[in-house]
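Chains A and B supply the protein sequences, listed in that same order. Under this note's numbering, the first sequence has 34 at position 34, and the numbering climbs by one with no breaks. Just add 1000 to wherever you are in the second sequence, counting from 1, and you've got this note's numbering.
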Amino acid sequence: MNPMRTLATAGRVLMQIRHDPRTIGLLLIVPSLLIGLVAWIFDETPVFADIGPAMLALFPFIVMFLVTSIGTLRERRSGTLERLLSMPLGRGDFILGYTLAFGLLAVAQTAIAVAYATWVCGLEIEGSIGMLFVVAIADALLGTALGLLASAFARTEFQVVQFMPVFVFPQILLGGIFLPRDQLPDVLEVVGDWLPLSHAIDALTAVSTGDEDAGYVWLRILFIACWIIGAIVIGSLTLRRRTP
Amino acid sequence: MVNNAIEARGLTVRRGRTTVLDGLDLTVPRGAIVGLLGPSGSGKTTLMRAIVGVQIVRGGEITVLGERAGSAPLRQRVGYMTQQASIYDDLTVRQNLRYFARVQGAPASDIDRVIERTDLTGQSDQLARTLSGGQANRVSLAAAMLGSPDLLVLDEPTVGLDPVLRADLWAIFRRITDDGATLLVSSHVMDEATRCDRLLLMRGGDIIGDTTPSELLESTGATSAEDAFLRVIEASEKMPDAAGQPAASGNSRDDNAPPHASHPDAQSPDSRRTGQRLSEPAGPAEPAKADKPHGRHGRHAGGAQ
């Protein structure tokens, strides 16, 4: 590992995206549009106040998962990864470079989504906006880390798209959006309690209602951070210099 | 001081259930353009991947510039150009090279040098996806040249190029060796053999010839490299094998057991189709293949040393 090579990789990924304005547009705007749609659906009802914070967790997570997993898969398929691994690039440089680059994009995306949800859609945030940012960014980084991991198991573009339902849908279903987790069957409740997205949803809900103290939120951020680190470590282990 | 750029002994590689290289021996001298020639499916890419250290090797030894292939110090001394142009489509030529230079630890001044060397000055600010196939290939070559590696491993760099571009590329290769580097260049176009200093002829996962272009033509009496290669294959199949091979090896393969039946696990589909018949010693018995000394048919059949 070498900070210069990590930064060079992050810079290169961002440069690639810069040459693709449509992707930038989609990345930055789509989550906000979807949040706007949800708010519109539940217009005249109190539902958006309940699930709005969860939406802030959901869309950036999904979008970052998709772009990261496809981005790294492209690298495997184009032969550039093979070239890089025959060069003095550490596996950690590669993974962290991607995490940094997409992490930065996640910050921008989240900022827009939060601003849109609060100012345009009227989502009430009782707690600190700063804390809301921290959670939302951790959540987008989680999407990035899991996307990196998923791409390690995919050989084709078709497969990597199929991994989205595998990695993402169970977390949405068990995260407490459809039914609060304490009302789920026992087994599912336990599973849901261990999934990282559940904690992101809890934390964002807590920040917006202002019901819990900062310790509660930080504990959830810590839990998400453990998942991010775990996914990055496993992801870099699955990235082999020598392949069959 | 190590005299050879690459030495391999008993190199064995399996990909999936296929044995691609089976106990291959190889010596590549320093400071020369060495051509690795053979039909597609003969194991050239696998051998090159083993040399740069990205291939899982099942057995045998491979030493590059005096160090174990793929070891960390070699990553700065070996340049690798994969078969497809492995560059980023959505970056300009210069941005591609700037990134690879930073990864390689090459000075920034190297970027201009390799751009100039590969005649890409006019395209340096163009997006890679807008380049022609030949230009993209040259960007990939330029990236491999960053940091002036001692050994360049180039996998079919001239494939799909017109004759003029091919000639340009070979001129670039010659300039690189003039600077003291060693080039291992694979090709399935036999005509390119005459541009190399040394030749390794590959067939069905074996080196069946280690020679020079003039020796190849002389010893086979052929007028073209293509013809000579066919004769080497013929010779290697007809040569009565000394070391305890079944007597069947003198027979024509075709009226023996069908080739598919004799080596169900051997090589890629491509080489199974033709390679068996041409270059494998008859041996209907599987074990005969396992312990046959490799390089044997070739080295002598090719007429070199």
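Where a beta carbon is used, it is the ideal one built from N, C-alpha and C, also for glycine. Nothing here was measured: the structure is a model prediction, and the numbers come from that model.
| Query | Result |
| --- | --- |
| Buried or exposed by the 16-neighbour rule on C-beta atoms within 10 Å, applied to residue 196 of chain A | buried |
| Inter-residue Cα distance where the pair is residue 198 of chain A and residue 187 of chain A | 15 angstroms |
| Nearest to residue 141 of chain A (by Cα), restricted to the options A/51, A/65, A/31, A/47 | A/65 |
| Secondary structure of residue 217 of chain A, DSSP reduced to three states | helix |
| Three-state secondary structure assigned by DSSP to residue 157 of chain A | helix |
| Whole-angstrom distance between residue 1102 of chain B and residue 9 of chain A, CA atom to CA atom | 9 angstroms |
| Residue 118 of chain A versus residue 71 of chain A - alpha carbon distance | 31 angstroms |
| Span of the beta strand (DSSP E), counted from its first residue to its last, around residue 75 of chain A | Run containing residue 75 of chain A: none in the beta strand (DSSP E); it sits in the alpha helix (DSSP H), 47-78. |
| Whole-number beta carbon distance between residue 236 of chain A and residue 92 of chain A, since they are thought to touch under 8 angstroms | 6 angstroms |
| Of the residues A/172, A/43, A/75, the one placed nearest residue 122 of chain A, counting alpha carbons only | A/43 |
| Neighbour flag for residue 151 of chain A against chain B, beta carbons, 9 angstroms | no |
| Endpoints, the beta strand (DSSP E) within which residue 1005 of chain B is located | 1004-1015 |
| Nearest candidate by alpha-carbon position, reference residue 1225 of chain B, set B/1235, B/1204, B/1183, B/1194 | B/1194 |
| Residue 1164 of chain B, DSSP secondary structure in three states | helix |
| Pair within 9 angstroms by beta-carbon distance, residue 1122 of chain B and residue 1076 of chain B | no |
| Segment limits, beta strand (DSSP E) that includes residue 1198 of chain B | 1198-1203 |
| Span separating the alpha-carbon of residue 143 of chain A from that of residue 63 of chain A | 8 angstroms |
| Proximity of residue 1124 of chain B and residue 1093 of chain B at Cβ, strictly below 9 angstroms | yes |
| Three-state secondary structure assigned by DSSP to residue 1194 of chain B | helix |
| DSSP state of residue 1126 of chain B mapped onto helix, strand, coil | coil |
| Contact under 9 angstroms by Cβ, residue 1177 of chain B with residue 1031 of chain B | yes |
| DSSP bridge partner residues for residue 1055 of chain B (one or two, in chain order) | A/243 |
| Near-chain A residues of the segment 1042-1058 of chain B - C-beta to any C-beta below 7 angstroms | 1052, 1053, 1054, 1055, 1056 |
| Partner residues on chain E for residue 1012 of chain B, Cβ-Cβ distance less than 8 angstroms | Absent from the structure: chain E. Protein chains present are A and B. |
| Coarse secondary structure for residue 1206 of chain B, derived from DSSP in three states | strand |
| Other residues of its chain near residue 100 of chain A: CB distance less than 6 angstroms, five sequence neighbours each side excluded | 10 |
| CB contact below 9 angstroms: residue 1158 of chain B versus chain A | no |
| Residue environment, residue 1214 of chain B, which counts as buried when at least 16 other CB atoms sit within 10 Å | exposed |
| Cutoff 6 angstroms; reference residue 34 of chain A; Cβ partners in own chain excluding five residues on either side | 59 |
| Where the segment 1082-1100 of chain B meets chain A: residues whose CB sits under 9 angstroms from a CB there | 1082, 1083, 1084, 1085, 1086, 1087, 1088, 1089, 1090, 1091, 1092, 1095, 1096, 1098, 1099, 1100 |
| Nearest neighbour of residue 1074 of chain B, chosen from B/1081, B/1098, B/1064, B/1083 [CA to CA] | B/1064 |
| Buried/exposed call for residue 216 of chain A, threshold 16 Cβ in 10 Å | exposed |
| Spatial distance of residue 166 of chain A from residue 1079 of chain B (CA atoms) | 39 angstroms |
| Contact list for residue 1070 of chain B against chain A, beta-carbon separation under 9 angstroms | 86, 241, 242 |
| Closer than 9 angstroms to chain A by CB, residue 1006 of chain B | no |
| Inter-residue CB distance, residue 1069 of chain B and residue 1062 of chain B (contact presumed, cutoff 8 angstroms) | 4 angstroms |
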